[in-house]
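Report on the structure given below.
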Amino acid sequence: MALRIHNLSIDPPLALAPMVGLTHSVFRSLLVELGGVGLLYSEMLSAKRLPAENADLTPGLIRSSLEFPLFYQIWANEDTDLVAAVRKIEELNGQGIDLNLGCPAPQLRKMGAGRYLLERPDRLMPVLRRIRTSTTLPLSVKIRIGPTADPAALLLTCRMLEEQGVDLIVVHARLAGEKFCRKPRWQLLDVLPQRLSIPFFANGGIFTVQDARDCLTLSGADGLMIGRGAVQWPWLISAIARDIYGHKSPLAYSSPEQLYFTYIDLLMARFPPERRLGRLKQFTHHFAASLPFGHSLASTIQSSGSMKEARTRAAVFFEQSDNQSLTEEV
Ligand SMILES: Cc1cc2nc3c(=O)[nH]c(=O)nc-3n(C[C@H](O)[C@H](O)[C@H](O)COP(=O)(O)O)c2cc1C
1 MALRIHNLSI DPPLALAPMV GLTHSVFRSL LVELGGVGLL YSEMLSAKRL PAENADLTPG
61 LIRSSLEFPL FYQIWANEDT DLVAAVRKIE ELNGQGIDLN LGCPAPQLRK MGAGRYLLER
121 PDRLMPVLRR IRTSTTLPLS VKIRIGPTAD PAALLLTCRM LEEQGVDLIV VHARLAGEKF
181 CRKPRWQLLD VLPQRLSIPF FANGGIFTVQ DARDCLTLSG ADGLMIGRGA VQWPWLISAI
241 ARDIYGHKSP LAYSSPEQLY FTYIDLLMAR FPPERRLGRL KQFTHHFAAS LPFGHSLAST
301 IQSSGSMKEA RTRAAVFFEQ SDNQSLTEEV
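If you read the sequence shown in UniProt numbering, its first letter stands for residue 1, the second for the next number, and so on.
In C-alpha cells, the structure reads:
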C-alpha cells in the first residue's frame, strides 16, 4: 500500500528514523539492500551550517546512490537562513525536508530549535512558511505527543502544522520529557486518523513485527517510523514489509556476521579515518543486543583502539559463536 506525497511514492510506508551517529550512509544503504524500507532520513543537521558543508566530507551528508528516497532532517530557529538550507538540500538531491520539532535536548533548546520551537507557534509558523514557500519538495516534521497525555492538544498541534503546509507528520509516541525506555503511548495517536488531511507516521518502541501490528492497530497511523529496532535487528523493516505489506524482499545478507563485516568495509570505504571507530562502537552497542552473548561483542568493540583491532576482535567473537544464520527472530 504505497503512500503518495507530491510526486513521491513511499512504498511501503515504513521509514527509518533519523538517529545521530547511527542512520548515516553505511547503515542506510545496508537497509536498502535488505529491502522493505520506503523512506530514509538523514541524521539531524544544522540548517545554519548546512549551506557551507562539503557533501563528500561531512559525515551527515555522505551518501551513496542506493539511498533513495532520502529526507534531510534539519534543526533551525527563527533566525536561520532557511532559503539557503533548502537550496542546499535540493542541490544534494534530497527527496524531502524534515524539520525537527521533537528534540528536547538542552543544546537545541538554547538555540531556540527542536521542541522549543514547537512550544512557540508564533516563532514556528514563519519558519514553516519560509520552508514551504521556498520549495516544492515534500515537507515532514517530527514531533512528540506533547507535554501531557492530551489527545485534543496533539490534534490542535497537528492541525496547525497541516495548515502551514506540512505534508507528513511523524509522531514519536512519548511525552516531551519521557525516556526511550518508557512504554510508548501508541493509543494516544488514535485521535489523528480521519481528522487530518495529511498522513501521519507513528514512531517509538517498535522492535518486532507484532509491535508494528499493534502500533498500527492502536494508533491508526498511515505508516511507521522505526529507529533502534532496525539497528538491533536490521532485518526488522524487511520482515514488517513482508508480513504486513506483502512486500517480497531479497535476503541480501544471510547472517549477522556477514552484515557486520560489510558494515565495517563500508565504513572504511566511505568515512574519513577519524570518523569510523566511534560509529562502529555506537552501531555495535545496539546491534549486539540481538546476538547470543552479544554483550561480549559490545564490550570488546567498545574497548578497541582501532578499526583493525575491532575487526580482529569481531572475527574472534563470530568464530566462537555459532555463526547463526537468519532465523525468524522477529
Ligand atoms: C542515538 C539516537 C539518536 C537520535 N537522533 C535523532 C535525531 O537526530 N533526530 C530525531 O528527530 N530523533 C532522533 N532520535 C530519536 C529517534 O528518531 C526516535 O524517535 C526514537 O529513537 C524512538 O524510536 P525507536 O523506539 O524506534 O528507536 C535519536 C534516537 C537515538 C537512540
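Ideal placement from N, C-alpha and C gives every residue a C-beta, glycine not left out. Source: prediction; values computed, not measured.
Where HIS295 is concerned, the enclosing alpha helix (DSSP H) starts and stops at 294-302. Beta bridge pairing from DSSP links TYR41 with PHE71. Counting the other Cβ atoms within 10 Å of the Cβ of GLU163 gives fewer than 16, which makes it exposed. Beta-bridge pairing by DSSP links SER29 to no other residue.
Under the three-state reduction of DSSP, MET1 is assigned to coil, being neither helix nor strand.
Going by beta carbons, GLY96 and LEU137 fall inside the 7 Å limit. Pairwise C-beta distances place the segment 108-120 out of contact with the segment 81-91, as fewer than three of them are shorter than 8 Å. Going by beta carbons, LEU161 and VAL141 fall inside the 7 Å limit. Per DSSP, reduced to three states, the secondary structure at ASP56 is coil, with no helix or strand assignment. Residue burial is scored here from C-beta neighbours: THR23 has at least 16 other C-beta atoms within 10 angstroms and is therefore classed as buried. In the DSSP annotation of this structure, GLY146 is not part of any alpha helix (DSSP H); the continuous beta strand (DSSP E) holding it starts and ends at 139-146.
Residue side-chain check: ILE226 places its Cβ nearer than 6 Å to a non-hydrogen atom of ligand 1. The three-state secondary structure of ARG129, taken from DSSP, is helix. Taking the Cβ atoms as the reference, GLY36 lies roughly 7 Å from PRO12, within the contact range of under 8 Å. Take the alpha-carbon of GLU309 and the one of THR157: they are about 49 Å apart. When the five nearest sequence neighbours on each side are left out, the beta carbons in the same chain lying within less than 8 Å of the beta carbon of GLU67 are those of SER25, ARG28, SER29, VAL32, LEU40, in order along the chain. Between ALA202 and TRP186, the CB-CB gap stays under 7 Å. DSSP places MET225 inside the beta strand (DSSP E), whose first and last residues are 223-226. Within the same chain, VAL86 come within 6 Å of THR135 by CB-CB distance, once the 5 residues on both sides are set aside. The DSSP assignment places complete alpha helix (DSSP H) segments of no fewer than 4 residues inside the segment 139-221 at 151-163, 209-219, in order along the chain. Ranking ALA173, ASP190, LEU189 by CA distance to the CA of ARG182 puts ALA173 first. Counting only residues of its own chain and dropping the five nearest sequence neighbours on each side, THR300 has a CB closer than 7 Å to the CB of ARG313, PHE317. SER219 is classed as buried because its beta carbon has at least 16 other beta carbons within 10 Å across all chains shown. For the segment 93-132, the continuous alpha helix (DSSP H) assignments of 4+ residues that do not extend past its boundaries occur at 106-110, 115-118, in sequence order. In this structure, LEU92 lies near ALA55, with their beta-carbon atoms less than 7 Å apart. Secondary structure of SER9 (DSSP, three-state): strand.
According to DSSP, residue pairing for LEU277 in a beta bridge does not occur. Proximity to PRO193 across ALA176, VAL171, LEU267, LYS110 peaks at VAL171, based on C-alpha coordinates.
Boundaries of the alpha helix (DSSP H) harbouring ALA269: 256-270, taken from the DSSP string. Across the set PHE71, GLY227, ALA241, GLY246, the C-alpha of GLY227 shows the shortest separation from the C-alpha of GLY21. Here DSSP, grouped into helix, strand and coil, assigns LEU291 to coil. Secondary-structure assignment with DSSP links ALA15 through a beta bridge to LEU39, MET225. SER306 carries a coil assignment under DSSP once its states are collapsed to helix, strand and coil. In its chain, beyond the 5 residues on either side, LEU34, GLY35, GLY36, SER238, ALA241, ARG242 have a beta carbon closer than 8 Å to the beta carbon of SER249. Within the DSSP secondary-structure output, SER46 pairs in a beta bridge with TRP75.
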